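Everything on this sheet refers to the single structure shown next.
Residue numbers (my numbering), protein chains in the order written: chain A, 1 to 140; chain B, 1 to 380.
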């Protein structure tokens, strides 16, 4: 639920015009750096210095803005974790896992075990680690 | 005379304005402009960058707050089957506040706070019952927790917005800077409450429920009886000792009053209790592993401090040793759906409790084991 609202909201928040200006500045800064390098080989040291200075300043500013906008969009996307329920037969120890259903709780008694006819119970309800958490901690 | 004519041209050259090339002169002038702009307006530019960052977080907080309100209303409509639209009642609930007792004369403040919290709890439960007449007791607890999470999101949003607007109005760099510095932590907490909303609405266990989960594992299959307030206890044979295992009554979202429960159990078994062991979720520091078990001394219990006080008071008469076992997790994990690592840590914590019992008590002794935390999604 949160994902949909958040992603649609984020697209409205970042202005397309500002983004276009940023990308144009980014391209111009790269052109300035290339021109600076060319001027250096042609012997115009002073011109090289100015072009490189302008190029790097513009690159830093536009790069920062692009990075911030991407971070902004990325942080608005909240992953919906998968919730699993572990069902166990206490007598014969058979374990099975299924997705969480509303009304599940730990130590809730369920249907009889297909093997020993004893009552099965829910022994754990947990969420699987999200992709971000797995990246942070691969052993999770 | 010669010197006077030469000096301006040297100065021009040193300033980068004497090359004769108009483009280079413009670039030089622009560079100076940049330098002066950054000298005089650098702080303001920095502030605008910070304001933008705060704005972006505020926007996200607003989304989370609205999502919280929406989830609460949807859950009430789904479970409670109200006859009228509960939106206005939910809005009123979200603005609910509690005033802590006056602490100028701190004597007796714990009991005053306890009373105020009791009144608050009952009042909020009654509100929930009015909003959702078709809900049973467990659902009332879960709905109350859902609304409290929505209330927390609403409060966080309003506080951040207050400081943001105040900083913007006064153009105070330091107000905005302080806000920007604590925002990552605030956002983490808000995201945790946001994911807790769904857990509460669906009745799923949360990270804070690891204490009750461990207690439930110990007491499962044994006769359970109620103890004050909102707690249950089971007498369990444990490592050749008798353990009175207690936790909040589940599976509804409830923390109970472990202070009252421990006090009642000590009074019932006056002089017979040789140790009290408390199991709770403890805040981990960055770098520590999630689900790590640690052991210590004292009352492992959070909250406003009322229960901690009552437990400490109860053990003092017989000088009962008080041990604590904690499962480490951060604030985000504590209020959001229980992670697999925390669920798995329950077994390791039981082993640690066994070690404590074997090392610190004798065979045949009677002990109290308390599973502290919100028991949502954990039965007994």
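For glycine and all other residues, C-beta sits at the position ideal for the given N, C-alpha and C.
Owing to the predicted nature of the structure, the values given are computational and were not obtained by experimental measurement.
The alpha helix (DSSP H) runs of length 4 or more contained entirely in the stretch 195-244 of chain B are, from start to end of the chain, 210-219. Residues of chain A whose Cβ lies closer than 9 Å to the Cβ of residue 216 of chain B are, in chain order, 106 and 107. No Cβ of chain A is located within less than 7 Å of the beta carbon of residue 237 of chain B.
When DSSP states are grouped into helix, strand and coil, residue 94 of chain A belongs to the coil group. DSSP, read as helix, strand or coil, puts residue 292 of chain B in coil. Restricting attention to alpha helix (DSSP H) runs no shorter than 4 residues, the stretch 74-103 of chain B encloses them at 87-94, ordered along the chain. At a Cβ-Cβ threshold of 7 Å, residue 204 of chain B and residue 87 of chain A do not count as neighbours. Assignment of residue 171 of chain B by DSSP, reduced to helix, strand and coil, places it in the coil class. Around the C-beta of residue 102 of chain A, fewer than 16 other C-beta atoms lie within 10 Å, and the residue is accordingly described as exposed. Taking the Cβ atoms as the reference, residue 61 of chain B lies roughly 6 Å from residue 190 of chain B, within the contact range of under 8 Å. With a beta-carbon spacing of about 42 Å, residue 201 of chain B and residue 361 of chain B fall beyond the 8 Å limit used to define contacts.
With contact defined as three or more Cβ pairs closer than 8 Å, the stretch 126-144 of chain B and the stretch 326-341 of chain B are not in contact. Taken through DSSP and simplified to helix, strand or coil, residue 366 of chain B comes out as strand. Under DSSP, residue 247 of chain B takes part in a beta bridge, and its partners are B/232 and B/371.
Counting only residues of its own chain and dropping the five nearest sequence neighbours on each side, residue 69 of chain B has a CB closer than 6 Å to the CB of 150.
Counted as a single uninterrupted DSSP element, the stretch harbouring residue 338 of chain B is not any alpha helix (DSSP H), since DSSP gives it neither H nor E. When C-beta atoms of the stretch 180-196 of chain B are compared with those of the stretch 45-64 of chain B, three or more pairs fall below 8 Å, so the two segments count as touching.
In this structure, the alpha-carbon of residue 153 of chain B lies about 49 Å from that of residue 51 of chain A. A straight line joining the alpha-carbon of residue 266 of chain B with that of residue 67 of chain A spans about 60 Å. A straight-line Cα-Cα distance of about 47 Å links residue 28 of chain A and residue 196 of chain B. With the rule of 3 Cβ pairs closer than 8 Å, the stretch 166-181 of chain B counts as touching the stretch 38-50 of chain B.
Judged by their CB atoms, residue 370 of chain B and residue 352 of chain B are not nearer to each other than the 7 Å cut-off.
If you compare the alpha carbons of A/93, A/98, A/89 and A/94 with that of residue 82 of chain A, the shortest gap goes to A/98. Contacts with chain A at 7 Å (Cβ-Cβ) do not include residue 372 of chain B. Sequence-distant partners of residue 346 of chain B (beyond 5 residues in either direction) whose C-beta falls short of 8 Å from its own C-beta, in its chain, are 210, 213, 214, 217 and 327. Scanning its chain for C-beta atoms nearer than 7 Å, with the 5 sequence neighbours on each side dropped, one finds around residue 356 of chain B the residues 277, 295, 323 and 325, in chain order. The residue among B/319, B/335 and B/341 with its C-alpha nearest the C-alpha of residue 129 of chain A is B/341. Under DSSP, the beta-bridge partners assigned to residue 278 of chain B are B/324 and B/370. At least one CB of chain B lies nearer than 7 Å to the CB of residue 126 of chain A. For residue 121 of chain A, the uninterrupted beta strand (DSSP E) run begins and ends at 119-127, by DSSP.
According to the DSSP secondary-structure assignment, residue 297 of chain B is paired through a beta bridge with B/323.
DSSP places residue 115 of chain A outside both helix and strand once states are collapsed to three, so it counts as coil. Here residue 92 of chain B is exposed, its C-beta having fewer than 16 other C-beta atoms within 10 Å. Counting only residues of its own chain and dropping the five nearest sequence neighbours on each side, residue 58 of chain A has a CB closer than 8 Å to the CB of 25, 26, 28, 29 and 32. When rounded, the separation of the alpha-carbon atoms in residue 94 of chain B and residue 155 of chain B is 8 Å. The beta carbon of residue 43 of chain B sits closer than 8 Å to those of 173, all from its chain and outside the five residues before and after it, given in chain order.
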